[in-house]
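**Q** First, the structure itself, so that you have it in front of you.
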Amino acid sequence: MTIAEIQEEIVEEFSIFDDWMDKYEHIIESGKELDSISDALKTNTNLVKGCQSQVWLHAEMDGENLILQAGSDAIITKGLVSLMVRTLSGHTPKEILSAQLSFVDEIGLKEHLSPTRSNGLVSMIKKIKLYALTYSVKANG
Amino acid sequence: MLAEEKEMIDIKTVRKDFPILSREVYGKPLVYFDNAASSQKPSKVIDAISHYYEYEHSNIHRGVHHLSAEATEKHEESRKTIQGFINAKYSHEIIFTKGTTDSINLVAYSFGNKFINGGDEVIVSSLEHHSNIVPWQMMCEARGAKLKVIPINDAGELLLDEYRNLLSIKTKIVAIGHVSNALGTINPVKEIIAEAKKKSIPVLLDGAQAIPHLAVDVQELDCDFYAFSAHKIFGPTGVGILYGKENLLNTIPPYQGGGDMIETVTFEQTTYNELPHKFEAGTPNMAGVIGLKAAIDYVNEVGINNIDIAEHQLLEYATEQISVIKGIRLIGTAKEKASVLSFLVNDIHPYDIGTILDRMGIAVRTGHHCAEPLMNRLSIPGTVRASFAFYNTKEEVDVFINALKKAISMLS
């Protein structure tokens, strides 16, 4: 599936919830289901500093695709992180770089992507794009 | 609870004084429990600021025209109101600043330059907000001095015996929060000051969290400096107060140079203006100063003691209600507390609880509350903090408790 298709799938998944509480419960469940990033990867280099919840992000290439592993100490952040990983992991750096992450807005959780929220999510996306940029430069170089 | 019998504040009337309290968040009535971060503003404050800009604004001091004279008069009236509110001996002991942080930086810089040298010591406590740590740290680094820290017990109370042991001939100043922002502990400041006075050591109190809750009498306390912010006591942001004893303020050098703080300026030498202007360089926040006067007048109308009683009842009620929830761990259980309920639930991250409560219209604060050394001492990453003002109600506490139970069930 392309990044756009995965986002459509997520939006559809969330469309059955008409109430915010169900949406959040679904996010929390997604967080619980995310394969925990191993403690060995919870390094300072992999730490994305939010003011309050912390996010760890590890990226490595598998063939042409960038594989992401991530986690957070807060479960709602972890749920959102899991949706990001599901959307972006396993795609080429070029695809990741050009991806428009519209799903967060479409499922009505825009406030979590505001830079004023200190949950580390915005910094995490920046970091993913930076990894993608680094690897695409390497691939082209 | 004896809340109803003893209530001296007409809560319905009082709530109408604060327009923001009737708004909704996510379609739910706002429950504002983030008062320790910043309090809401009554119409009288908002109106005073609008009126100032609509009818009275002009630059103050040395103006030849009517408007300037009037604005100056208003500005100085505000100083007198604040003098009365904290019972300072003279109105020129009241310095207008940008806020508590600015006030503390002023003292750290000016007092430090005058009195602190290599090998000297400054005492703070484990409870301090970063703004009563970092300015002293910066000054100590610049002057080659050392920061000494009064430890606390697990309830969040200062260990006074340890404090006495820290006081020495090297101690040049003691800087202590009157009330802890993260835990709500009311520190025994009278005793702390009395101990320092035995050795003639000056004391600064960070009053940011005390001023909206407790009656403060700087002469009775005998503190040398008292710092607070207008926005915590229902006034506007961007204005604060530094109270200082006349002789000390006269002794320490100015903090910032500029207009208004001078007597005469030549390129060879500048002489400084007298108090309070010596410490008020540049055009001040006149609208803020006038708004602060309106806020203090309002608090005087309601009565600071009535406020204290109402908030104490709210805190007691909320503490009772929250304590029976399974998995709750209260952070900060000092005997003397003001308006702050800090807690954790099992191993749930404070940010998650705050996010769910927010969706239910309840504003609390989560995180380290700008007191990282305190969080490290308690071995926790942060807390959820509900902080009350007299305009909050028991019904709001009930809404909060129910929402918290819901959040816990979602997050467990």
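Quick note, the sequences are listed as chains P and Z, same order.
For the numbering used here, add 1 to where a residue sits in the first sequence, where the first one is 1.
For the numbering used here, add 5 to where a residue sits in the second sequence, where the first one is 1.
Note that CB positions come from ideal geometry on N, CA and C, so glycine has one too.
This one's a predicted model, so the numbers in the text were calculated from it and none came from an experiment.
Got a sec? Which residues, its chain only, sit under 8 Å from G64/P by beta carbon, not counting five neighbours each side?
**A** Around G64/P: no qualifying Cβ.
**Q** Does M62/P come out as helix, strand or coil in the three-state DSSP assignment?
**A** Note: M62/P maps to strand in three-state DSSP.
**Q** By the three-class DSSP mapping on this structure, what secondary structure does S347/Z have?
**A** Strand at S347/Z.
**Q** Compute the beta-carbon to beta-carbon distance between L254/Z and I206/Z, rounded to the nearest angstrom, for a pair I have assumed lies under 8 Å.
**A** Wrong, their Cβ atoms sit about 17 Å apart, outside the cutoff.
**Q** So, under 8 Å CB-CB, G149/Z and G124/Z are touching, yes? Tell me the CB distance rounded to an integer number of Å.
**A** Going by Cβ atoms, the distance from G149/Z to G124/Z rounds to 7 Å, so yes, they are a contact pair.
**Q** Spell out a yes or no on whether the stretch 326 to 334 of chain Z and the stretch 296 to 316 of chain Z are touching, meaning 3 or more CB-CB pairs, one atom from each, closer than 8 Å.
**A** As far as the Cβ criterion goes, the stretch 326 to 334 of chain Z does not touch the stretch 296 to 316 of chain Z, which means the pair count is below three.
**Q** Rounding to the nearest angstrom, what Cα-Cα distance links Y25/P and I77/P in this structure?
**A** Computed Cα separation, rounded: 8 Å.
**Q** When we look at the beta-carbon of P47/Z and count the other beta-carbons within 10 Å, is it buried (16 or more) or exposed?
**A** Under this definition P47/Z is a buried residue.
**Q** For M415/Z, would you say it is in contact with chain P, using Cβ-to-Cβ distances shorter than 8 Å as the test?
**A** M415/Z counts as touching chain P.
**Q** DSSP three-state call for D222/Z: helix, strand or coil?
**A** If DSSP states are grouped into helix, strand and coil, D222/Z belongs with coil.
**Q** Quick one, which residues of the stretch 53 to 72 of chain P are near chain Z if we go by CB-CB under 9 Å, in chain order?
**A** From the stretch 53 to 72 of chain P, only Q53, S54 and Q55 have a Cβ closer than 9 Å to chain Z.
**Q** For the beta strand (DSSP E) holding I99/Z, just list the boundary residues, first then last.
**A** Run containing I99/Z: I99 to T102, per the beta strand (DSSP E) assignment.
**Q** Suppose the cutoff is 8 Å on Cβ atoms and the five residues either side in sequence are ignored; what does the same chain contact list for E29/Z look like?
**A** Excluding positions up to five away in sequence, the list reads L35 and G366.
**Q** 8 Å is my cut-off, CB to CB: does I361/Z come that close to chain P?
**A** Closer than 8 Å: yes.
**Q** Within the chosen definition, does the stretch 60 to 78 of chain Z reach the stretch 394 to 409 of chain Z through at least 3 CB pairs nearer than 8 Å?
**A** With a cut-off of 8 Å, the stretch 394 to 409 of chain Z and the stretch 60 to 78 of chain Z do not count as touching, because too few Cβ pairs lie within range.
**Q** Determine the contact status of A376/Z and V184/Z, defining contact as a CB-CB distance below 8 Å.
**A** In this structure, V184/Z does not lie closer than 8 Å to A376/Z by Cβ.
**Q** Give the DSSP bridge partners of L67/P, in chain order.
**A** Answer is M62/P and H92/P, bridged to L67/P.
**Q** May I have the straight-line CA-CA distance separating L111/Z from A41/P, to the nearest angstrom?
**A** Cα-Cα distance, rounded: 46 Å.
**Q** DSSP three-state call for V329/Z: helix, strand or coil?
**A** Three-state DSSP puts V329/Z in coil, outside helix and strand.
**Q** Could one say the Cβ of I77/P lies closer than 8 Å to chain Z's Cβ atoms, at least one of them?
**A** Chain Z contact via Cβ: present.
**Q** Does V402/Z come out as helix, strand or coil in the three-state DSSP assignment?
**A** The answer is helix: DSSP assigns V402/Z an H, G or I state.
**Q** Taking S16/P as part of the alpha helix (DSSP H), name the residues at either end of that continuous run.
**A** Looking at the DSSP string, the run of the alpha helix (DSSP H) that includes S16/P is I4 to S16.
**Q** So which residues on chain Z does E26/P lean against when the C-beta distance must stay under 8 Å?
**A** Per Cβ cutoff of 8 Å: M415.
**Q** Need the endpoints of the beta strand (DSSP E) that F230/Z sits in, please.
**A** Segment F230 to S234, the beta strand (DSSP E) holding F230/Z.
**Q** For a contact meaning CB atoms closer than 9 Å, what does I126/P contact in chain Z?
**A** Simply none; closest approach about 18 Å.
**Q** Which stretch, first to last residue, makes up the beta strand (DSSP E) that contains I178/Z?
**A** It spans T176 to G182 - the beta strand (DSSP E) in which I178/Z sits, taken as one unbroken run.
**Q** Using the rule of at least 16 other Cβ atoms within 10 Å of the residue's Cβ for burial, across every protein chain shown, is Q224/Z buried or exposed?
**A** Per the 10 Å Cβ criterion, exposed.
**Q** Checking 8 Å against the spacing of the C-beta atoms, do Y356/Z and Q53/P come in under that value?
**A** Yes, Cβ-Cβ distance for Y356/Z and Q53/P is below 8 Å.
**Q** Is the stretch 386 to 405 of chain Z touching the stretch 5 to 16 of chain P, taking contact as three or more C-beta pairs under 8 Å?
**A** Counting Cβ pairs under 8 Å, fewer than three are found: no touch.
**Q** Using a Cβ-Cβ cutoff of less than 6 Å, which residues in the same chain neighbour K11/Z once the five nearest sequence positions on both sides are dropped?
**A** Low local confidence applies: a pLDDT of 44 at K11/Z is under 50, so the model's placement there is unreliable, with the coordinate-based value given in what follows. So no residue of the chain qualifies.
**Q** Under DSSP, the beta strand (DSSP E) around A41/Z begins and ends at which residues?
**A** No beta strand (DSSP E) holds A41/Z; DSSP gives it neither H nor E.
**Q** Can you tell me where the alpha helix (DSSP H) with A299/Z in it begins and where it stops?
**A** M291 to V307 is the extent of the alpha helix (DSSP H) around A299/Z.
**Q** Please work out which residues of its chain come closer than 6 Å, Cβ to Cβ, to K49/Z, disregarding the five sequence neighbours upstream and downstream, and give them in chain order.
**A** Correct list, in chain order: A299 and Y303.
**Q** Just checking: is the beta-carbon of Y37/Z within a distance shorter than 8 Å of some beta-carbon in chain P?
**A** No, no contact with chain P.
**Q** Give the straight-line distance between the Cα atoms of E9/Z and D15/Z, rounded to the nearest whole angstrom.
**A** Low per-residue confidence applies at E9/Z: pLDDT is 42, beneath 50, and the placement is therefore not dependable, though the value from the model is reported in the following sentence. The straight-line gap from Cα to Cα measures roughly 11 Å.
**Q** Smallest Cα separation from D39/Z: which of K411/Z, F393/Z, P289/Z and H374/Z?
**A** When only C-alpha atoms are compared, the closest one is F393/Z.
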